[in-house]
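Down below is the structure, laid out as structure tokens.
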């Protein structure tokens, strides 16, 4: 859920801007010239004649038009019939037209770049990157094998050394016992045995 929220956190504003641009593009707002059905280069006389003609056609009492269209018609004529207001309207119209073209150019190109920045595509590795990855894996395996062999050999040498030391001690003890036995007579063994029985309160032989 947290991952989905983070994704929509960046994606949602972009989708909203795209939707608004497409909506504004589809929603056509008629200019005053289009309402009066004249060219932007029309003379004041042509504008007045068009207004009179459309007034007769679109008047609510004629049954052909409606009140909203009639209001737009009067608004358009009030602006275009005066030189000062028409000049200001033309400047504003050219500015809005420039803004619309800029927005369309941005919508057709830059928004996709903006989307790519927030959601970069996963690119395929180049042959050079794949070669470096293979070399790195091979080097890792070789180093791991050498390390493993070093540990195994060290453990083997340690156990072998300990075994040899233990065998050496046993051999020395055996040789001591053997040498001592070679210098001891039978009478010495009997005497030591009798002393051992006496020390342990055992009866002598034959009693």
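In this note's numbering, the protein residues as written are 330 to 536. Glycine is no exception: its CB is placed at the ideal position from the N, C-alpha and C atoms.
In the DSSP assignment, find the unbroken alpha helix (DSSP H) run with residue i in it and report its ends.
{"i": "residue 384", "result": "373-387"}
{"i": "residue 411", "result": "Note, residue 411: premise wrong, no alpha helix (DSSP H); not H, not E."}
{"i": "residue 359", "result": "From DSSP, residue 359 is part of no alpha helix (DSSP H); its letter is neither H nor E."}
What is the DSSP secondary structure of residue i, counted as helix, strand or coil?
{"i": "residue 478", "result": "helix"}
{"i": "residue 501", "result": "helix"}
{"i": "residue 459", "result": "helix"}
{"i": "residue 400", "result": "helix"}
Less than 8 Å between the CB atoms is what I'm expecting for residue i and residue j, so what's the real figure, rounded?
{"i": "residue 375", "j": "residue 367", "result": "6 Å"}
{"i": "residue 405", "j": "residue 361", "result": "4 Å"}
{"i": "residue 402", "j": "residue 383", "result": "6 Å"}
In terms of alpha-carbon separation, which member of the options lies closest to residue i?
{"i": "residue 418", "options": "369, 530, 517 and 491", "result": "369"}
{"i": "residue 416", "options": "399, 380 and 372", "result": "372"}
Exercise. Are the segment 383-391 and the segment 407-419 touching, with three or more C-beta to C-beta distances below 8 Å?
Worked result: Contact between the segment 383-391 and the segment 407-419 is absent, because fewer than three Cβ pairs lie under 8 Å.
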